[in-house]
Each structure stands twice: as structure tokens, then as C-alpha cells.
Amino acid sequence: MTEKKPGLFRRALRVLGNVFSAIRNIFSFLIFAVFILAIGGMFGDNLQPIPEQGALYLAPQGFLVDQKTYTDPFNQILFQDDQQSSETLVRDVIEALDTARYDERITHLLLDTGYLAGGSLSKLEEIGSALKRFSAEKTIIAVGDNFTQSQYFLAAHADEIMLNPLGGVMITGFGAYRSYFKEALDKMKITVNIFRAGQYKSAVEPLMGNSMSPQVREETRLLLDDLWQFYGTEVEGLRLLDAGAINDYANNFHLTLVANGGDSAALAKEAGLVDVVATRTEINDYLNDTIPGSEGEFDSIDMDSYLANTRLSDNQYSDKESQIAIVVASGTIMDGQQPEGSIGGDTLAGIFSELREDENVKAVVLRIDSGGGSAFASEIIRDSINATRNKGIPVVVSMSGVAASGGYWIAAETDRVLAMSTTITGSIGVWGVIPTIGQSLAKLGVYSDGVGTTDISAMMQIDRPLSTQTKAIFQAGVDNIYTRFIDLVAKGRDSTPDEVHEIAQGRVWTGNQALANGLIDELGDLKDAIEVAAELADLDDYQINYRRKQMSPVEALLTEINSNVTASLHRLGLGSKFKTGIPHSIQRYAKKIFGPLIMIDNLNDPRGLYLYCDDCPL
């Protein structure tokens, strides 16, 4: 008897079941493999030893940051999300350099900037200071296939710069360009209601017109000129070039490149920007001959391994009764609790509340890298900072790349404010924005109608035009916050409201300009800020203690497992195979173009009032 074959539908279900079974088995295997790797990492020796004689290999990854962006540790383990791996902590770089310069085992610094995506000029300046300290003791060799403007700034601190024959040095200068949406919004019949205090408050300009206003163009030009002057002067001094050489290199690049037959590496050497043009093999041979090693090859240790080794015996991490707490405020200021990479009003205020109750904490250094955000959240943070100061704990601010608008609001009344010369700060101004889409809906035949008990009962209906009363309410709120801003700055900076208003109105300043205008107390980096805090607290012996939002036990465990999994994958050469998602460079440019629109959607102030400088992180 012939066996009856299953029908098409049943066969399809069987195939589908087999597929799901296979997926389940693969997923189970991956989970098992992940935990095996993690356990192996936790109990195995992952630490690269420090050579008896060799180089510290410094290769910053991705963007320079003061605080890494939070990513879910479970997703990191399963999918090896590379968000955090695309970021390098500035303090780690500086700590490695400052430790290695007195470490007799480290003879050279091998600086590889090829993995560096960028960072604010102030962060580059701060690392540059650490490179100068290292260079005073030992030799720095910089290598690169190509150098971008940011990469070259660090490389310029080297005693010797080596470039690939097919590479070049691309220095373009600084620019501030934005997309403007007014005409597009008009075509879509979307009305954007803008409320602001400060004629230089530029965060909402892309929604108001199709080009940069004269006031903002003026201040931006002054800001960029100051930053560009610093970049050029610094590089020219490091490379012993004539004054103006860097500006000439950028402006005449098209002419000199043609004159050199398109050979950008030869041009860079001719301009004095690099010392040696050589292939990777030639560079490696040179390093083998120059840096101590064994069996004909130079020895080296990467930054992460070096820090892991040195921190094990570093007494600054031992428990001491006197502590200086360092709190990092990095990202947009938002209301409520927020993950790292953003500043939650309740989150940061809660950290300061904990510090007030810690008897070992004698001073606090607040490291700010923020263009601001929610006015309400900024005030919650400022109030908690002042409560800490009122308990006799001095609070010193160290400004990083940007400390503007809400970032300046939380800094203004602290005991001492330090910034780098290239920090962007100020932006003392306020704005609010409410888009309405009534006209847009009307084009589709959708209309709004109804009744209310008061004249303002429909004030938050975005499908209706804003009433005169609603506009008056929002503008009054903006004006009130601006007055408060002026007053607290005047109080904190020992000035008058009229004097502050002259330098406020949303204007942004470099650290140099801010010092001249009395907005900061002195120029200096994080190290300087710690020394000031120790002085104010009358401390000679103290522990540096970084304070952050506490992770749950599960998050802490998963984070530890992930670090070991990542290390294991990289040892197996599999790390890059697990990267997913849109490249961060594309994400960054998309954010740059559509930032003003994203901003409206993301910010969450309960009253819709913002101390935010959208274009400050240039």
C-alpha cells in the first residue's frame, strides 16, 4: 500500500517548525557560549602584562568623552552593541599618560590616532597637555595612514610623526553649518511658535528662518576665529612652523596639492607637518629598531591593559577618610531619572544628596560637558549643589568641551569655576517652542472644534492655533526664567544683573573669552580643578573617587560579564563580526542635520522651557 504524503500545508508547517527549532537551538548555543566566555574571562588571566621594557600603545577609539553612553548590558552581551566601544574616556587617556611617564618599564609612547573619530577641541587640548608632560620625560612616536584635523592635533605633540605614502594630513579649519527648516515647515503648513529671551539664542533659529541671522553669524565668527587661532598657534609651536603656516596650508591646499602632483603625503612632509613618509612595513621595522623588545620585535602594552595593571597597585583607589568626589554631568539635561550619556535632574540631584551624607567626602569636582536642556531639571540640580555647599562641602566646576546654557546654570553659583581655553560656555538665555499643525490638517480636510470652560482650556491643543493668551503665558515664563538666570549668575559671579545681561542674551564664548568676561575664575583642566578642590577643603592627603548612578545588581553582573565576553571575542578575532546597526558616523551626521527637529521630540521639561544650546558642541 502506498504511503500517503502529507499535504502542502502540513509540509510547510513542518519546515517552519524545523526552522524555529533550529533558531532556538542556535540561540541556546549562543547563550551558553556567551556565559562560557564570560566565566572563562572572570576566572582566567585576561591581563596583558607590562613589558620589562617597551612602549605604551595609545590608540583612542571613536569619540573622546567624559562619560560613556549607557547601553543595555544584556543587549551588549547578546549582540555586542559597539556604542561604548566607539567612545574613549578622556580621563583614562590622561591617567595612562601621567602614570607611564614615570614608569621605568615604559620607554616610549606609540601614538596611533587612526581609530579616533573626533572630540571637542577642549578635550584634545586637555589630552595635549598630558602629552606635553609625557614628552618632557620620554619619546613620543605618532604613526598614521592618514590624519584628520582632530587626529593631527594629537599627533603634533609627538617627537616624530610617520605617515603612509598614500596618506595625507587634512586640515580644513572650523565651520558651523546647520540645516534650516522654515520653508519646509511652511510648505507643510506647520506653525512653529517660538518664545525666547536673548537675541543670540540660536537653538531654535533653524525653525525660524532659512539662513543664519546676522547676530548669530557675528558671534559664531568670533567664536570660531578664537578656536582656529588656538589650533593654528598650538600646532605651529609644536612643529616649529612659521606663524600662519597652518592657515596657509588649509587655504592653499588645492594649489599646493596640484603642484605636488596630487601626492598629499609628500605635501605634508614638505609643509613640515610630518617627519617620515614610509610604508607600514618600513614603519614597523623602524619601531623594532627603536623601541626595546625581544626576538627582533618591539614590546608594547595597550592603554586598557596598562591601566588595569597599574590600578591594581595604585593607592589612590584605596579607602581613605578624606575623599574628593568627581561627578560627571555629560549630555543633555533632562527631567527625571536618566541613564549615563544624559543628565537626569533627579539622577544628578540624587548623587549630590548621597555625597552630602557621606562623611568621607570633603569636596566635590563637578565635570560638566553639556549644552544644557530642561530649565526645571537644571534648577533641581542647582538646588542640590547649593545644599551640598551649605553643608560645608566645596563644589568646584571643571568645564569640558561645553558648559553652556543649562550647563552654565548649574555651574554659576559653585565655589570655583575652571575651563579650558577652548571650552564653549555662556549661552545665558531661554527658549520654548510649540509647533501647531492646524493648517496642515485643514489641507487634508481635518478640522478642530469644541468648547471649553475658560479662554485657555485649549492652550495645549496642537491641532489649533495658539491663542493670544497662550502666547503671553509662554513668553512670560521665558522672561521669568531669563531674569532668574541673570540674577543667579550675578550672585554667583559677584556681579550685577545689568553687567551679566551685557554678556548674556544667549551669546556663547570660548574659555578665554569667558575668563575675560568674568564667567569663569581661571583656565585649567580636571587635574587643576581637583587641586583647587583640595585647597578649598584644606586637604593634603586624599582619595579621588568617581561617583555615578548606581547600577542594579543584575546590571552590574551583566556589565562585568560583557567586559569579559568582549575581551574573549577580541582575543579570538571575532569582535568586529558582531557589530550591528547604523554606523555611528552616519548617525552623528543625521543628528547634525535633523538635530533641531529631534530636539523638539526628545526634550521633556514639564513647562516646555529650555536652557539649551543646540549648536554649542561644534
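In short: position in the sequence shown from 1, add 467, done, that's this note's numbering. Glycine included, every Cβ here is placed at the ideal spot set by N, Cα and C.
Q: Please determine if the segment 590-602 and the segment 612-632 are in contact, where contact requires at least 3 C-beta pairs separated by less than 8 Å.
A: yes
Q | Rounded straight-line distance, which links the Cα of Gly585 to that of Phe641 | A | In the sequence shown, counting from the first residue as 1, residue 641 sits at position 174. In the sequence shown, counting from the first residue as 1, residue 585 sits at position 118. Going by the C-alpha atoms only, they are around 13 Å apart.
Q. Can Lys649 and Leu690 be called in contact, C-beta distance under 9 Å?
A. Locating residue 649 in the sequence shown gives position 182, counting from the first residue. Locating residue 690 in the sequence shown gives position 223, counting from the first residue. Cβ atoms of Lys649 and Leu690: not closer than 9 Å.
Q) What does DSSP give as the partner residues of Leu955 in its beta bridges? A) In the sequence shown, residue 955 corresponds to position 488, counting from 1. In the DSSP output, where bridge partners are listed per residue, Leu955 has none listed.
(Q) Taking the straight line between their C-alpha atoms, what separation do you get for Ala522 and His575? (A) Position 55 of the sequence shown, counted from the first residue, corresponds to residue 522. Position 108 of the sequence shown, counted from the first residue, corresponds to residue 575. Taking the straight line joining both Cα atoms gives about 5 Å.
Q | Among Ala603, Thr580, Thr615, nearest to Ala609 - alpha-carbon criterion | A | Taking the sequence shown and counting its residues from 1, one reaches residue 609 at position 142. For the residues Ala603, Thr580, Thr615, the minimum Cα distance to Ala609 belongs to Thr580.
Q | Buried or exposed (CB count within 10 angstroms, at least 16 for buried), Glu571 | A | As a working mapping, residue 571 is identified with position 104 in the sequence shown. Glu571 should be labelled exposed.
**Q.** Glu1128 vs Phe530 beta-carbon contact at 9 Å
**A.** Past the boundaries of the shown model lies residue 1128; the chain is included only from 468 to 1085, so the question cannot be answered.
Q | Nearest to Arg688 (by Cα), restricted to the options Leu705, Ala939, Ala643 | A | Translated into the one-based positions of the sequence shown, residue 688 becomes position 221. Ranking Leu705, Ala939, Ala643 by Cα distance to Arg688 puts Ala643 first.
Q) Can you round the beta-carbon distance between Glu672 and Met679 to whole angstroms, since I take them to be within the 8 Å contact cut? A) Residue 672 sits at position 205 when you count from the first residue of the sequence shown. Residue 679 sits at position 212 when you count from the first residue of the sequence shown. About 7 Å; that satisfies the 8 Å criterion.
Q: Figure out for me which residue from Gly868, Lys654, Ile852 has the closest Cα to the Cα of Asp533.
A: As a working mapping, residue 533 is identified with position 66 in the sequence shown. Nearest C-alpha to Asp533: Gly868.
Q: Could you have a look at Ser907 and say whether DSSP puts it in helix, strand or coil?
A: Here residue 907 is taken as the residue at index 440 of the sequence shown, counted from 1. In this structure, Ser907 counts as helix in the three-state DSSP scheme.
Q) Quick one: Cα of Phe941 to Cα of Val900, how far? A) Along the sequence shown, read from residue 1 onward, the residue named residue 941 stands at position 474. Along the sequence shown, read from residue 1 onward, the residue named residue 900 stands at position 433. Using only the alpha carbons, I get a separation of about 9 Å.
**Q.** C-beta contact flag for Gly973 and Ile895 at 9 Å
**A.** Here the question's residue 973 lines up with position 506 in the sequence shown. Here the question's residue 895 lines up with position 428 in the sequence shown. It is a contact, given that the beta carbons lie within the stated cut-off.
Q: With DSSP as the reference, label Ala886 as helix, strand or coil.
A: Residue mapping note: residue 886 aligns to position 419 of the sequence shown, counting from 1. Three-state result, Ala886: strand.
Q: Please determine if the segment 823-842 and the segment 787-799 are in contact, where contact requires at least 3 C-beta pairs separated by less than 8 Å.
A: yes
Q: Please name the residue, chosen from Asp946, Asp988, Thr950, that lies closest to Asp961 on a Cα-to-Cα basis.
A: On the sequence shown, residue 961 is found 494 positions in, with the first residue counted as 1. It is Asp988 whose Cα lies nearest to the Cα of Asp961.
Q.
I'd like to know if the segment 883-892 and the segment 657-664 are in contact, where contact means that at least 3 CB-CB pairs between them fall below 8 Å.
A. no
(Q) Which complete beta strand (DSSP E) runs does the segment 535-622 hold, if anything under 3 residues is left out? (A) 554-556, 573-579, 583-585, 606-611
Q.
Which residues does DSSP list as the beta-bridge partners of Gly521?
A. Against the sequence shown, residue 521 aligns to sequence position 54. DSSP, once it has assigned bridges, lists Ile573 as partnering Gly521.
**Q.** DSSP three-state assignment for Asp769, whether helix, strand or coil
**A.** Numbered from its first residue, the sequence shown carries residue 769 at position 302. If DSSP states are grouped into helix, strand and coil, Asp769 belongs with the strands.
Q. Relative to the C-alpha of Asp836, which residue among Glu880, Ser872, Val862 is closest?
A. As a working mapping, residue 836 is identified with position 369 in the sequence shown. Comparing Cα positions, the closest option is Ser872.
(Q) Assuming Leu724 and Leu734 are in contact, meaning their beta carbons sit under 8 Å apart, how far apart are those beta carbons, in whole angstroms? (A) In the sequence shown, the residue the question calls residue 724 occupies position 257. In the sequence shown, the residue the question calls residue 734 occupies position 267. The Cβ separation is near 6 Å, so the contact holds.
Q: Kindly give me the distance between the Cβ atoms of Thr799 and Gly840, rounded to whole angstroms, as I take these residues to be in contact under 8 Å.
A: One-based indexing of the sequence shown puts residue 799 at position 332. One-based indexing of the sequence shown puts residue 840 at position 373. Right, the Cβ-Cβ distance comes to about 4 Å (below 8 Å), so this counts as a contact.
Q) Can at least three beta-carbon pairs, one atom from the segment 925-943 and one from the segment 1006-1014, be found at a separation below 8 Å? A) no
(Q) Restricting to Cα atoms, I'd like to know which of Asp995, Asp1072, Thr920 is closest to Ile948. (A) The residue labelled residue 948 in the question sits at position 481 within the sequence shown. Ile948 has its Cα closest to that of Asp1072, out of Asp995, Asp1072, Thr920.
**Q.** Rounded separation between Lys829 and Gly959 - CA only
**A.** In the sequence shown, the residue the question calls residue 829 occupies position 362. In the sequence shown, the residue the question calls residue 959 occupies position 492. The straight-line gap from Cα to Cα measures roughly 21 Å.
Q: Under 6 Å Cβ to Cβ from Asp946, same chain only, skipping five residues before and after it: list those, please.
A: Counted from its first residue, the sequence shown places residue 946 at position 479. Cβ within range, chain order: Ala664.
Q: Assuming Val863 contacts Asp882 (C-beta within less than 8 Å), just tell me the rounded distance between them.
A: Taking the sequence shown and counting its residues from 1, one reaches residue 863 at position 396. Taking the sequence shown and counting its residues from 1, one reaches residue 882 at position 415. With 8 Å as the limit, Val863 and Asp882 qualify as a contact, their Cβ atoms being about 6 Å apart.
(Q) Which residue marks the beginning of the beta strand (DSSP E) containing Gly839, and which one marks its end? (A) If you number the sequence shown from 1, residue 839 lands on position 372. Run containing Gly839: 839-841, per the beta strand (DSSP E) assignment.
(Q) Does Tyr1079 pass the burial test, meaning 16 or more other C-beta atoms within 10 Å, or should it be called exposed? (A) By one-based count along the sequence shown, residue 1079 stands at place 612. Tyr1079 comes out buried.
Q) For Gly912, which of helix, strand or coil comes out of DSSP? A) By one-based count along the sequence shown, residue 912 stands at place 445. Three-state DSSP puts Gly912 in coil, outside helix and strand.
Q | Inter-residue spacing [alpha-carbon to alpha-carbon] between Gly944 and Ser865 | A | Residue 944 sits at position 477 when you count from the first residue of the sequence shown. Residue 865 sits at position 398 when you count from the first residue of the sequence shown. The alpha-carbon atoms of Gly944 and Ser865 are separated by roughly 30 Å.
Q.
Just to confirm the assignment: which complete beta strand (DSSP E) runs, minimum length 3, are found wholly within the segment 616-701?
A. 627-630, 658-664
(Q) Could you give the first and the last residue of the continuous beta strand (DSSP E) run that contains Gly529? (A) Here the question's residue 529 lines up with position 62 in the sequence shown. Taken as a continuous stretch (DSSP letters only), the beta strand (DSSP E) holding Gly529 covers 529-532.
**Q.** Residue of Ser907, Leu1076, Lys590 minimising C-alpha distance to Met655
**A.** As a working mapping, residue 655 is identified with position 188 in the sequence shown. Closest by alpha carbon: Ser907.
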